[in-house]
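2 protein chains.
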Amino acid sequence: MLKDLLKPLIGPLVRALRPPQPDLPLATWRLTRTPEGVLALDGLRLDELLDRHGSPLHVVDATRLAQNVADFLAVPPGAARGCEIAYSLKTNPVPGVLDHLRRLGVGAEAGSAYELHLALALGFDPAVIVYDGPAKSPASLRQAIAREIGLVNFNSRCEIAPFAAIARELGRRPRVGLRAVVPGGWGGQFGERIDTGAALRAFEEALSAPELRVVALHAHLGGEIAGAPRLRGFVAQVLAFSDELSRKLGLDVEILDLGGSLACPTVRSLHPLETRLNGTFGAGVAPRAKDSVLSIRDAVGIIVSMVAEHHRRAGRRAPRILLEPGRALTGDAQMLLTRVVNVHDPIDDLTHAVLDVGMCAASPLPNEVHQLFLVGPPRSGPRVRTRLVGPICSPADVVYASRDLPPLAPGDALAIMDSGAYFVPFASAFSFPRPGIVMVEGSRDRVLRRPETFAHMMALDELAPRPSAPAPRPQLARINSWGGR
Amino acid sequence: MLKDLLKPLIGPLVRALRPPQPDLPLATWRLTRTPEGVLALDGLRLDELLDRHGSPLHVVDATRLAQNVADFLAVPPGAARGCEIAYSLKTNPVPGVLDHLRRLGVGAEAGSAYELHLALALGFDPAVIVYDGPAKSPASLRQAIAREIGLVNFNSRCEIAPFAAIARELGRRPRVGLRAVVPGGWGGQFGERIDTGAALRAFEEALSAPELRVVALHAHLGGEIAGAPRLRGFVAQVLAFSDELSRKLGLDVEILDLGGSLACPTVRSLHPLETRLNGTFGAGVAPRAKDSVLSIRDAVGIIVSMVAEHHRRAGRRAPRILLEPGRALTGDAQMLLTRVVNVHDPIDDLTHAVLDVGMCAASPLPNEVHQLFLVGPPRSGPRVRTRLVGPICSPADVVYASRDLPPLAPGDALAIMDSGAYFVPFASAFSFPRPGIVMVEGSRDRVLRRPETFAHMMALDELAPRPSAPAPRPQLARINSWGGR
Numbered sequence: 147m148l149k150d151l152l153k154p155l156i157g158p159l160v161r162a163l164r165p166p167q168p169d170l171p172l173a174t175w176r177l178t179r180t181p182e183g184v185l186a187l188d189g190l191r192l193d194e195l196l197d198r199h200g201s202p203l204h205v206v207d208a209t210r211l212a213q214n215v216a217d218f219l220a221v222p223p224g225a226a227r228g229c230e231i232a233y234s235l236k237t238n239p240v241p242g243v244l245d246h247l248r249r250l251g252v253g254a255e256a257g258s259a260y261e262l263h264l265a266l267a268l269g270f271d272p273a274v275i276v277y278d279g280p281a282k283s284p285a286s287l288r289q290a291i292a293r294e295i296g297l298v299n300f301n302s303r304c305e306i307a308p309f310a311a312i313a314r315e316l317g318r319r320p321r322v323g324l325r326a327v328v329p330g331g332w333g334g335q336f337g338e339r340i341d342t343g344a345a346l347r348a349f350e351e352a353l354s355a356p357e358l359r360v361v362a363l364h365a366h367l368g369g370e371i372a373g374a375p376r377l378r379g380f381v382a383q384v385l386a387f388s389d390e391l392s393r394k395l396g397l398d399v400e401i402l403d404l405g406g407s408l409a410c411p412t413v414r415s416l417h418p419l420e421t422r423l424n425g426t427f428g429a430g431v432a433p434r435a436k437d438s439v440l441s442i443r444d445a446v447g448i449i450v451s452m453v454a455e456h457h458r459r460a461g462r463r464a465p466r467i468l469l470e471p472g473r474a475l476t477g478d479a480q481m482l483l484t485r486v487v488n489v490h491d492p493i494d495d496l497t498h499a500v501l502d503v504g505m506c507a508a509s510p511l512p513n514e515v516h517q518l519f520l521v522g523p524p525r526s527g528p529r530v531r532t533r534l535v536g537p538i539c540s541p542a543d544v545v546y547a548s549r550d551l552p553p554l555a556p557g558d559a560l561a562i563m564d565s566g567a568y569f570v571p572f573a574s575a576f577s578f579p580r581p582g583i584v585m586v587e588g589s590r591d592r593v594l595r596r597p598e599t600f601a602h603m604m605a606l607d608e609l610a611p612r613p614s615a616p617a618p619r620p621q622l623a624r625i626n627s628w629g630g631r
Numbered sequence: 147m148l149k150d151l152l153k154p155l156i157g158p159l160v161r162a163l164r165p166p167q168p169d170l171p172l173a174t175w176r177l178t179r180t181p182e183g184v185l186a187l188d189g190l191r192l193d194e195l196l197d198r199h200g201s202p203l204h205v206v207d208a209t210r211l212a213q214n215v216a217d218f219l220a221v222p223p224g225a226a227r228g229c230e231i232a233y234s235l236k237t238n239p240v241p242g243v244l245d246h247l248r249r250l251g252v253g254a255e256a257g258s259a260y261e262l263h264l265a266l267a268l269g270f271d272p273a274v275i276v277y278d279g280p281a282k283s284p285a286s287l288r289q290a291i292a293r294e295i296g297l298v299n300f301n302s303r304c305e306i307a308p309f310a311a312i313a314r315e316l317g318r319r320p321r322v323g324l325r326a327v328v329p330g331g332w333g334g335q336f337g338e339r340i341d342t343g344a345a346l347r348a349f350e351e352a353l354s355a356p357e358l359r360v361v362a363l364h365a366h367l368g369g370e371i372a373g374a375p376r377l378r379g380f381v382a383q384v385l386a387f388s389d390e391l392s393r394k395l396g397l398d399v400e401i402l403d404l405g406g407s408l409a410c411p412t413v414r415s416l417h418p419l420e421t422r423l424n425g426t427f428g429a430g431v432a433p434r435a436k437d438s439v440l441s442i443r444d445a446v447g448i449i450v451s452m453v454a455e456h457h458r459r460a461g462r463r464a465p466r467i468l469l470e471p472g473r474a475l476t477g478d479a480q481m482l483l484t485r486v487v488n489v490h491d492p493i494d495d496l497t498h499a500v501l502d503v504g505m506c507a508a509s510p511l512p513n514e515v516h517q518l519f520l521v522g523p524p525r526s527g528p529r530v531r532t533r534l535v536g537p538i539c540s541p542a543d544v545v546y547a548s549r550d551l552p553p554l555a556p557g558d559a560l561a562i563m564d565s566g567a568y569f570v571p572f573a574s575a576f577s578f579p580r581p582g583i584v585m586v587e588g589s590r591d592r593v594l595r596r597p598e599t600f601a602h603m604m605a606l607d608e609l610a611p612r613p614s615a616p617a618p619r620p621q622l623a624r625i626n627s628w629g630g631r
């Protein structure tokens with residue numbers, strides 16, 4: 147009620163006073179404009195991609211993927227070697243993307259039986275597959291042992307004995323690690339805590355099982371690592387615990403698995419208050435400043451030098467470093483194209499535009515800032531405060547609560563940047579099928595995933611056979627009269 | 147930080163002082179215990195259903211569905227007729243469930259092109275299909291007209307002219323309504339507001355199109371209708387606007403479409419503060435008291451008598467009443483069975499148990515109170531404060547933040563009640579395939595939907611052909627050395 151009274155007074159003031167929020171340059175994503183002013187990637191017009199493959203559509207940039215991989219695998223200047231990379235499959239589990247990464251020399255981090263299956267089915271060398279996660283099924287653990295994957299990380303002490311029993315039964319001696327929780331890192335259902343001594347006790351238990359080769363210390367900070375201090379603090383904590391393992395248990399790990407959490411440079415989380423101020427008053431949300439995020443190369447440089455320096459001082463052989471990046475590797479190498487379906491009459495000063503994609507295929511959107519571009523030529527004239535909503539019958543289906551945009555019309559195409567992390571795996575087929583995915587590589591577009599079909603949505607369903615003589619349905623005649631025919 | 151200090155002090159106090167939170171009786175869901183103490187539905191042991199069909203598993207109670215349908219279609223005592231029912235397909239779009247409802251005489255409310263396709267494919271009489279929603283594709287509108295479905299409701303004025311153009315082109319005169327927003331109801335992207343005059347103007351525009359037969363006033367309060375006062379207030383607002391339509395435009399609607407929003411009697415929303423107090427201190431969450439919710443029969447009785455009385459007083463013929471129930475019709479006729487995968491060592495006084503299902507297949511759970519039962523025999527002895535988490539690698543995958551339960555062990559089966567609304571359509575295949583669905587009817591179980599397979603998850607994907615001579619991969623050899631073989 148109060149909000150409704152204040153809105154017309156405060157809104158214009160807030161919008162007049164807000165700092166400028168210029169878009170990041172198109173070149174950030176290798177986008178260009180054609181002579182007609184239409185957005186293009188590697189010379190391919192984005193509107194033509196939509197015409198050809200249907201809307202909505204994810205577009206993967208193969209070149210950006212390759213750049214990101216090269217950055218992760220680069221050996222920092224002066225270092226003997228760099229990091230090894232296992233992509234966090236859950237982040238964007240698109241077989242065509244994963245196959246591309248595999249060809250570029252990236253390994254696979256599986257977090258479930260399905261992801262382990264996927265990695266093996268795609269031809270990843272078992273030696274470069276890591277199996278993590280809190281719910282590894284016995285069947286998948288058997289498969290991991292039988293296929294001799296590179297590493298199984300225990301998420302919890304309770305996994306050790308059952309796994310050792312399977313290994314014993316299969317007569318193998320699998321390579322294992324254990325996830326340790328540094329103070330301040332994600333805990334709860336993940337890992338064993340260092341500060342309580344639980345992690346040390348779990349390592350001790352694993353070392354006592356003759357069926358296991360304990361080769362790795364796994365840690366994953368969680369949240370987001372955007373700056374050098376947070377990264378340095380985390381690596382230092384992990385190194386301190388690896389010293390403890392060496393000192394107390396005589397375990398010099400072969401692999402330091404530092405997990406993921408590195409930020410995507412062009413996406414930031416949206417604070418709920420920002421969401422409300424923007425939704426209610428049009429306060430705007432500024433994009434992430436690209437230089438505010440540690441680059442992949444700088445992050446790798448920090449990690450490699452810290453680990454090398456630490457072991458040089460300790461007089462121990464430095465372990466291999468394994469990273470499990472997700473959003474930092476694929477987040478900015480994909481965009482989601484969509485078309486406007488309907489544009490409503492303004493309510494007060496706010497115009498609702500309904501898109502053909504919403505929170506069900508783009509679930510991170512309401513909580514993150516993603517750059518948005520009109521695919522067609524830039525339009526002059528006044529901008530209109532616009533709320534972009536999705537197609538489903540839910541008031542929660544708001545993907546951009548407020549943006550100042552040129553007046554939109556049905557059919558207009560929009561590009562939502564950085565859809566390469568958590569859009570695809572969290573997508574549900576709520577009322578609408580899930581989008582197709584294409585990859586652009588060297589001015590060619592290739593289908594990675596066809597748009598979901600109605601048949602696919604019903605493929606697992608079974609119906610009872612229709613009875614030849616239907617049971618009496620007293621209500622139906624009445625209901626049928628609706629039609630009035 | 148402060149929380150961590152206070153937790154051990156406040157937690158036990160909060161738990162000692164909290165009011166008792168007894169479970170609702172098993173009979174609420176027609177559940178019984180076998181002589182061995184195992185939960186059963188119509189004599190079928192729930193653990194045996196899991197053994198037979200795999201875990202996790204939705205179990206639909208055909209008998210409860212039929213009871214709910216009968217309640218909705220019952221003619222209230224003393225009334226000439228009752229309501230007509232179109233089930234909101236989006237709420238639980240399982241073909242086997244929908245087919246069951248169709249056989250019981252229920253119509254279909256489609257909110258998208260897919261749902262319109264589904265209704266027609268399942269053999270719903272087109273005359274009992276309503277098409278709503280903010281993003282109706284032109285192709286689906288053509289189909290709606292060509293198949294002569296009972297009603298198309300415009301969500302917004304902007305839909306009128308394009309739809310009339312299609313009707314003109316097809317030479318048909320489709321039956322339409324328009325969604326009006328009562329003050330206090332869901333607005334935003336939904337409907338045209340009554341209070342601003344927008345709804346009246348939109349009706350006027352629709353009436354001026356000779357291609358359209360304007361037969362319905364559609365309104366949907368949104369949120370949840372749990373008590374009689376809220377329902378009465380809403381119906382009165384709609385009736386007042388129908389009077390305005392009659393008075394100002396000479397339109398006496400044939401159908402009053404009052405939408406959905408009726409509560410599920412055994413589920414309530416969880417306030418974020420409750421979630422936090424429970425997660426942090428184990429404050430507990432009480433189930434919804436069943437009698438606190440208007441029964442289906444009482445709701446229908448109120449609606450029918452208000453509409454009849456209103457028109458009797460006004461001296462006009464009463465319209466037919468159409469309801470589009472979702473959660474009230476199917477919410478409590480389905481449960482989700484799951485098994486415990488891992489049980490961690492307690493951290494402080496909290497034990498984490500990992501389930502084989504989490505927020506991705508049960509997305510309403512973190513925000514709603516759903517009763518939870520151990521499927522096996524009741525266990526004596528002290529209870530343990532337990533957090534039930536899902537299987538994915540996300541700290542958000544918490545489905546019950548804190549419950550006092552007997553000590554759990556891997557393999558234990560649990561029944562999560564009332565999974566018949568918004569569990570299935572919002573489900574994503576994040577890391578894990580989606581659950582199967584069976585229906586129990588007269589002591590028989592029948593598969594409605596097979597559990598999702600890995601093949602189904604990859605069925606739409608295409609891979610590039612493997613090159614016969616692979617490109618040089620300088621990093622791979624190094625990474626391969628992980629395996630140490």
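Protein sequence lines, in the order shown, are assigned to chains A and B. Converting from the first sequence to my numbering requires adding 146 to each position, the first position being numbered 1. Converting from the second sequence to my numbering requires adding 146 to each position, the first position being numbered 1. The beta-carbon is built from N, C-alpha and C at its ideal position, and this holds for glycine as well. All of these numbers come straight from a predicted model, not from anything done at the bench.
Kindly say whether Asp242(A), judged by its beta-carbon, lies nearer than 8 Å to any beta-carbon of chain B.
What sits at residue 242(A) in the sequence shown is Gly, not Asp. Chain B contact via Cβ: present.
Leaving aside the five residues before and after Ala162(A) along the sequence, list all residues of the same chain whose C-beta is less than 6 Å from its C-beta, in chain order.
none
Chain-order list of residues whose beta-carbon lies under 8 Å from that of Ala220(B) (same chain, five-residue window excluded)
Gly228, Arg443 and Val446
Can you list the residues of chain A that Phe300(B) reaches, using a CB-CB cut of under 9 Å?
Neighbours of Phe300(B) on chain A: none; closest Cβ ~10 Å, over 9 Å.
Let me know the secondary structure DSSP gives Met452(B) once reduced to three states.
helix
Comparing C-alpha positions only, which one of Ala307(A), Val503(A), Asp558(A) and Val252(A) sits nearest to Glu357(A)?
Ala307(A)
According to DSSP, is Leu575(A) helix, strand or coil?
Residue 575(A) is actually Ala in this sequence, not Leu. Reduced to three states, the DSSP call for Ala575(A) is coil.
Which residues, in order along the stretch 463-494 of chain A, keep a beta-carbon less than 8 Å from a beta-carbon of chain B?
Sequence-ordered contacts of the stretch 463-494 of chain A with chain B read Arg466, Leu468, Val487, Asn488, Val489, His490, Asp491 and Ile493 [C-beta pairs closer than 8 Å].
How many whole angstroms separate the CB atoms of Leu363(B) and Phe387(B), which I take to be in contact at a CB cut-off of 8 Å?
7 Å
Could you tell me which whole alpha helix (DSSP H) segments of length 4 or greater appear in the stretch 317-359 of chain A?
344-353
Below 8 Å between beta carbons: does that hold for Ala186(A) and Thr180(A)?
yes
Contact defined as beta carbons within less than 8 Å: I believe Glu315(B) pairs with Ala326(B). What is the distance between those atoms, to the nearest angstrom?
Not quite, the Cβ-Cβ distance comes to about 28 Å (not below 8 Å), so this is no contact.
Contacting residues, own chain, Cβ-Cβ under 8 Å from Arg378(A) (five flanking each side not counted):
Ile448 and Met452
His602(B) - DSSP class collapsed to helix/strand/coil:
helix
In terms of DSSP beta bridges, what is Arg414(B) paired with?
Val515(B)
Go ahead and label His644(B) buried or exposed: buried means 16 or more other beta carbons lie within 10 angstroms of its beta carbon, across all protein chains shown.
The structure shown does not extend to residue 644(B), since chain B is modelled only from 147 to 631, so the question has no answer here.
Does any residue of chain B bring its CB to less than 8 Å from the CB of Ala212(A)?
no
Can you tell me whether Gly224(A) is buried or exposed? The criterion is at least 16 other CB atoms within 10 Å of its CB, across all chains shown.
Gly224(A) should be labelled exposed.
Same chain, Cβ closer than 6 Å to Asp558(A), five either side skipped, listed in chain order
Val486
How is Ser548(B) classed by DSSP in three states: helix, strand or coil?
DSSP, read as helix, strand or coil, puts Ser548(B) in strand.
How many Å lie between Asp150(A) and Arg580(B) at the Cα?
42 Å
Determine contact between the stretch 235-253 of chain A and the stretch 472-483 of chain A, defined as no fewer than three beta-carbon pairs at a distance below 8 Å.
The answer is yes - the stretch 472-483 of chain A touches the stretch 235-253 of chain A, with three or more Cβ pairs under 8 Å.
Closer than 8 Å to chain B by CB, Lys236(A)
Chain B contact via Cβ: present.
Compute the distance between the beta-carbons of Gly428(A) and Ala567(A), then report whether it is under 8 Å.
no
What separation, rounded to the nearest whole angstrom, lies between the Cα atoms of Ala374(B) and Gly406(B)?
14 Å
Close-in-space but distant-in-sequence residues of the same chain around Ile140(A) (CB under 7 Å, 5 per side omitted):
Missing from the structure shown is residue 140(A); chain A here goes from 147 to 631 and no further.
Pick out whichever of Ala208(A), Arg533(A), Leu244(A) and Ser526(A) has its Cα sitting closest to the Cα of Gly425(A).
Arg533(A)
For Glu608(A), decide whether its Cβ has a neighbour in chain B, counting only Cβ atoms nearer than 8 Å.
yes
Mind checking the stretch 543-570 of chain B against chain A and listing, in chain order, the residues whose C-beta falls within less than 7 Å of any C-beta there?
none
Considering Asp245(B), what are the terminal residues of the alpha helix (DSSP H) in which it resides?
Pro241 to Arg249
Residues of its chain near His457(A), where Cβ-Cβ distance is below 6 Å and the 5 sequence neighbours each way are ignored
Ala464
I'd like to know if Glu598(B) contacts chain A, where contact means its C-beta is closer than 8 Å to some C-beta of that chain.
yes
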